[in-house]
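Okay, so here's the structure we're looking at.
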Amino acid sequence: ILNVEQSPQSLHVQEGDSTNFTCSFPSSNFYALHWYRWETAKSPEALFVMTLNGDEKKKGRISATLNTKEGYSYLYIKGSQPEDSATYLCAFMGGSEKLVFGKGTKLTVNP
Amino acid sequence: EPEVTQTPSHQVTQMGQEVILRCVPISNHLYFYWYRQILGQKVEFLVSFYNNEISEKSEIFDDQFSVERPDGSNFTLKIRSTKLEDSAMYFCASKDRYYGYTFGSGTRLTVV
Numbered sequence: 134i135l136n137v138e139q140s141p142q143s144l145h146v147q148e149g150d151s152t153n154f155t156c157s158f159p160s161s162n163f164y165a166l167h168w169y170r171w172e173t174a175k176s177p178e179a180l181f182v183m184t185l186n187g188d189e190k191k192k193g194r195i196s197a198t199l200n201t202k203e204g205y206s207y208l209y210i211k212g213s214q215p216e217d218s219a220t221y222l223c224a225f226m227g228g229s230e231k232l233v234f235g236k237g238t239k240l241t242v243n244p
Numbered sequence: 018e019p020e021v022t023q024t025p026s027h028q029v030t031q032m033g034q035e036v037i038l039r040c041v042p043i044s045n046h047l048y049f050y051w052y053r054q055i056l057g058q059k060v061e062f063l064v065s066f067y068n069n070e071i072s073e074k075s076e077i078f079d080d081q082f083s084v085e086r087p088d089g090s091n092f093t094l095k096i097r098s099t100k101l102e103d104s105a106m107y108f109c110a111s112k113d114r115y116y117g118y119t120f121g122s123g124t125r126l127t128v129v
């Protein structure tokens with residue numbers, strides 16, 4: 134059974150703080166690692182799709198790194214804003230089309 | 018930006034009743050999926066659909082579940098006889114040939 138774990142489960146930070154979360158996934162049979170940002174009552178929004186070991190991707194203040202050999206990815210948010218408050222999901226894609234999700238990290242940014 | 022549209026956003030149904038959840042995927046996408054999230058648990062894969070047939074399904078997707086793409090635009094998930102444990106948020110997603118999944122905003126199904 135494939136297992137994807139995310140930590141921490143939830144995080145409260147102050148506006149302006151930088152923060153990061155972890156996603157760990159199986160290191161074998163890796164195809165891609167997805168990150169999503171999910172606000173309540175909205176669609177999960179794709180942030181990054183990462184495929185190569187050592188990949189680093191950036192979108193504004195959000196960036197992500199990937200280590201497929203040890204099976205982890207970090208998501209960083211620089212200078213958090215209240216609008217960054219959301220649940221951040223990672224999802225592993227192995228040898229098939231399906232995504233295997235972690236439970237998510239719920240971020241709350243206090244003004 | 019193209020969207021995946023799901024209807025209804027909320028559905029309440031009695032145990033044993035049939036429900037159909039509807040999705041309109043992005044028009045030029047080729048792969049279609051249903052996922053669900055039971056409250057407090059992980060988002061879990063149900064089924065993938067490509068070239069008018071199921072390409073993969075999970076253990077959850079038993080004979081009570083079926084999918085259909087009846088008219089080339091809609092993609093439906095039918096649950097024949099709902100159980101209390103089918104209560105969840107159901108997400109439809111579509112994907113082009115490469116990596117880009119697009120999710121809908123979900124249908125919250127409550128079975129009473």
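Residue numbers (the working numbering), protein chains in the order written: chain P, 134 to 244; chain C, 18 to 129. Heads up, the beta-carbon is just placed ideally off N, CA and C, and yes, glycines get one too.
By the rule that beta-carbons nearer than 7 Å mark a contact, C/PHE92 does not touch chain P. At a cut-off of 7 Å between beta carbons, C/PHE120 contacts chain P. Contact of P/PRO141 with chain C by beta-carbon distance below 9 Å is absent, the smallest such distance being about 16 Å.
Below the 7 Å Cβ cutoff, chain C contributes PHE120 as neighbours of P/PRO177, in chain order. As computed with DSSP, C/GLU18 is found in no beta bridge at all. If you draw a 10 Å sphere on the C-beta of C/PRO42, you find 16 or more other C-beta atoms in it, and that means buried.
In the structure shown, the three-state DSSP call for P/GLU138 is strand. With respect to chain C, the C-beta atom of P/LYS236 has a partner C-beta closer than 7 Å. Contacts with chain C (Cβ-Cβ distance below 9 Å) from the segment 218-236 of chain P involve LEU222, ALA224, MET226, SER229, GLU230, LYS231, LEU232, VAL233, PHE234, GLY235, LYS236, listed in chain order. The way I'd put it, the segment 22-35 of chain C doesn't touch the segment 209-218 of chain P; fewer than three beta-carbon pairs between them come closer than 8 Å. In the three-state scheme derived from DSSP, where H, G and I count as helix and E and B as strand, P/LEU144 is classed as strand. For C/GLU73, at least one C-beta of chain P is nearer than 7 Å to its own C-beta. When the beta-carbon positions are compared, P/GLU230 and C/GLU73 come within less than 7 Å of each other. By the 16-neighbour rule on beta-carbons within 10 angstroms, C/GLN23 is buried.
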